[in-house]
Amino acid sequence: MTSYINLVEVERGGLVESIHQGAIAMIDADGAVTSLGATDVAMYPRSTSKLFQAAAMLDLGLYVHPKMLALVAASHSGGDEHVQGVQALLGMFGLEEAHLQCAIGAPIGVAERKKYLSEGGEKNRIRTDCSGKHAGMLATCVINGWPVDSYLAADHPLQMEIARTVSAVSGDPIEYVTADGCGAPLFSMSLAGLARGYRLATQSAGSLRIVADAMREFPEMVAGAGREPTVVMQAAPGVLAKDGAEAVFALADDTGRACAIKIADGSKRALATVVAAVLETWGVEGAKLTGLPFGQVLGGGVPVGELRLSSEARAYIC
1 MTSYINLVEV
11 ERGGLVESIH
21 QGAIAMIDAD
31 GAVTSLGATD
41 VAMYPRSTSK
51 LFQAAAMLDL
61 GLYVHPKMLA
71 LVAASHSGGD
81 EHVQGVQALL
91 GMFGLEEAHL
101 QCAIGAPIGV
111 AERKKYLSEG
121 GEKNRIRTDC
131 SGKHAGMLAT
141 CVINGWPVDS
151 YLAADHPLQM
161 EIARTVSAVS
171 GDPIEYVTAD
181 GCGAPLFSMS
191 LAGLARGYRL
201 ATQSAGSLRI
211 VADAMREFPE
221 MVAGAGREPT
231 VVMQAAPGVL
241 AKDGAEAVFA
251 LADDTGRACA
261 IKIADGSKRA
271 LATVVAAVLE
281 TWGVEGAKLT
291 GLPFGQVLGG
301 GVPVGELRLS
311 SEARAYIC
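Each residue of the sequence shown is one higher than the one before, starting from 1 at the first, in my numbering.
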């Protein structure tokens, strides 16, 4: 992506010492799209696309409880409840942890990781944040009689159906295909297309809406305590939220408003500042968003500055 705009300033002791650039696509309740920075060029939505992947799986017959569906669309923190949900989903379809082909890792939630490692836990596939999605992919293959050993191949029937869904809901052609961090195929779209897809999820009556409703009903399964999507959906019922690697974030609500954010340097440090500003313009009280992991500027462990919107971003968002 090119033509990034200054979004967030890092101020220390009255001096701006760093700036995070990025782009934002916003859609109002009437469906009008506005942009700050270039939002009509190809980018990778990373795990924000799990909403679309889960909807494709639902269309292919993955009918499970909403709590389990939220886990399929999750980048979970790796807590016990998340892992138990993945194990249950695999077991429903005669699958085991050994069938998972996601990357090996430890929990990404701070508290979950500390607890797991302190108890002697070792890195594995089921504790990684994408194991719910992979379990859903495997289950969908079983339902349709497709091979499970090659489910991550871009030309696998499952992935081809997901690609069609991604293109359809974003309104963008897929220009680039690569592997996401978990190993699953990753399809490009524009930032505006990402916002369009999230808006469609709260305005449609099909599979996208079913997944969106599941995520909003069980926000603790979508991420975990203290993480942006869970904090947002718990603080603002009715808002759909999902994060992605490299500081991508998408939001939508039932009025038809939607927003997609990309921080250019991939740093999540700046993300909460932008997300909170957008939500406050949507009428969410700032006091309800204090649980977001805002970036801090410390000196000797004491706050000596702040992260704040740039004047250009403030004028656009606010």
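Ideal Cβ placement from N, Cα and C applies to all residues, glycine included.
This structure is a prediction, so every number in the text was calculated from the model and none was measured.
Cβ neighbours of G295 in the same chain (closer than 6 Å, five flanking residues each side left out): R269, L307
Three-way DSSP call (helix, strand, coil) for V33 in this model: In the structure shown, V33 adopts extended strand secondary structure according to DSSP, grouped into three states.
For M1 and D172, what's the separation of their Cα atoms in angstroms? Unreliable positioning characterises M1 in this predicted model, as indicated by a pLDDT of 44, which lies under 50. The coordinate reading is nonetheless provided below. If you take the alpha carbons of M1 and D172, they lie about 15 Å apart.
Every unbroken beta strand (DSSP E) within the stretch 125 to 190, with a cutoff of 3 residues, ordered by chain: 177 to 179, 185 to 187
Exposure of A70, with buried meaning 16 or more beta-carbon neighbours within 10 Å: buried
DSSP three-state call for P293: helix, strand or coil? coil
On a Cα-Cα basis, can you pick out the residue from L200, A260, S167 that is closest to L191? The shortest C-alpha separation from L191 is found at A260.
Which runs of the alpha helix (DSSP H) spanning at least 4 residues fall entirely within the stretch 184 to 267, listed in chain order? Taken in chain order, the unbroken stretches of alpha helix (DSSP H) that lie wholly in the stretch 184 to 267 and span 4 residues or more are 191 to 203, 207 to 217, 219 to 222, 228 to 235.
Report the residue ranges of all beta strand (DSSP E) runs contained in full by the stretch 44 to 94; include only those spanning at least 3 residues, in chain order. none
Residue environment, L298, which counts as buried when at least 16 other CB atoms sit within 10 Å: exposed
So what does DSSP say about K317, is it helix, strand or coil? Looking at the sequence shown, residue 317 is not Lys but Ile. In the structure shown, I317 sits in a helix (DSSP, three-state: H, G or I).
Beta-carbon spacing of R46, D180 below 8 Å: yes
Going by C-alpha distance, which of V231, E246, S167, T178 is nearest A23? E246
Over the uninterrupted alpha helix (DSSP H) stretch that includes S118, give me the two end residues. 110 to 118
When you compare the CB positions of T273 and L309, do they come within less than 8 Å of one another, or not? yes
Determine which residues share a DSSP beta bridge with E285 and list them. Beta-bridge pairing links E285 to no other residue.
Whole angstroms are fine: how far does the CA of G14 sit from the CA of Q203? 44 Å
For K114, tell me which candidate among L279, G79, A88, G238 has the shortest Cα-Cα distance. G79
Check the C-beta distance from G193 over to S170 and give it rounded, since I have them as a contact under 8 Å. 3 Å
Could you tell me whether the stretch 90 to 99 touches the stretch 134 to 141, where touching means 3 or more Cβ pairs closer than 8 Å? yes
Pick out whichever of R127, T165, C102, Y116 has its Cα sitting closest to the Cα of L60. T165
Sorted by chain position, which residues of the same chain lie with C-beta nearer than 8 Å to R216's C-beta, five sequence neighbours on each side aside? M233, P237, G238, V239, L240
Buried or exposed: where does Q84 fall if 16 or more other Cβ atoms within 10 Å of its Cβ makes it buried? exposed
In the structure shown, what three-state DSSP assignment does L271 receive? helix
Buried or exposed: M160, going by 16 or more other Cβ atoms within 10 Å of its Cβ? When all chains shown are included, M160 counts as exposed.
Judging by CA-CA distance, which residue of A111, V64, G266, V278 is the nearest neighbour of A252? Nearest of A111, V64, G266, V278 to A252, Cα basis: V278.
Drop a sphere of 10 angstroms on the beta-carbon of L243, count the other beta-carbons inside from all chains shown, and report buried for 16 or more, exposed for fewer. Looking at the sequence shown, residue 243 is not Leu but Asp. Under this definition D243 is a buried residue.
The stretch 51 to 68 contacting the stretch 111 to 125, beta-carbon criterion three pairs below 8 Å: no
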